[in-house]
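Novice: Counting from 23, one number per residue, gives the positions in the sequence shown under my numbering. Positions of the beta carbon are idealized from the N, C-alpha and C atoms, including for glycine. Just so you know, these numbers come straight off a predicted model, no measurement behind them. My questions will all concern the structure given below.
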Amino acid sequence: TGEGMEMLPFYSIFNEWYAAQTSKKIRAVNELKASQGRRVASTVAYGYKKLEGGKEQWYIDEPAAQVVRRIFALCFAGKGPTQIAKQLEREKILVPTAYFHSVGRKTSNPVPANIYGWRESTVEYILDNRQYTGCTVNGKSTTVSYKVHKVIENPNVEEILETEASVYDFIEKVYSERQ
């Protein structure tokens, strides 16, 4: 047998223990940050950018923010997600993934075949996202463990309100009237 092979099972156990402990510590740090109202999301919502050197700080990405404002304005005018999506497509406004690629921002999604092809679900996601009302939303999802990367949605999301949520309440009202 090779030198040190008799110790291999112990190395494996220690490596496994180390990975588990590191995962627990990272989760604890993220939970602490979230409880203090700091952002822990790894991605930034469409319409925002991370501040250089301060990943918890977001600032407005003006070209994308104009699109988000337009979506909310159309919703306030009484249009539904399907109508808004069709209008954005007619106006040749890039979908978020195409926009990210055009400005060199990393995204896990490939550029869509139709870069102007807005979907109803994308518009709904933007309208439902409380981060556009000034809230810091943490803990919407998690993974099973450091080994199993299956994402689990958390129904008990804690939100740190930075502004009044009257905009969100209005949008919920518009949705409920339409359904």
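1) Quick one: Cα of Cys97 to Cα of Glu142, how far?
2) Taking DSSP's pairing of strands, which residues face Ile82 in a bridge?
3) Measuring only the C-alpha atoms, how far is Ala99 from Ala120?
4) Cβ of Thr164 within 8 Å of Cβ of Ile148?
5) Quick one: grab the DSSP three-state call for Glu184.
6) Of the choices His123, Trp80, Arg112 and Ala95, whose alpha-carbon is the least far from that of Thr158?
7) For Trp39, which of Lys172, Asn176 and Tyr168 has the nearest alpha-carbon?
8) Would you kindly work out how many angstroms separate the C-alpha atoms of Phe94 and Ala87, rounded to a whole number?
9) On the three-state DSSP scale, how would you describe Ser167?
10) Can you give me the Cβ contacts of Pro103 inside the same chain, cut-off strictly under 6 Å, excluding the 5 residues immediately before and after it?
11) Let me check one thing: in DSSP terms, what residues is Val173 bridge-paired to?
12) Does Ile106 pass the burial test, meaning 16 or more other C-beta atoms within 10 Å, or should it be called exposed?
Specialist: Working from what's here:
1) 12 Å
2) Tyr70
3) 26 Å
4) no
5) Summary for Glu184: the model assigns pLDDT 49, below 50, so the residue's position carries little reliability, and this model does not support an answer.
6) Trp80
7) Tyr168
8) 11 Å
9) coil
10) Glu142, Val145 and Glu146
11) Thr165
12) buried
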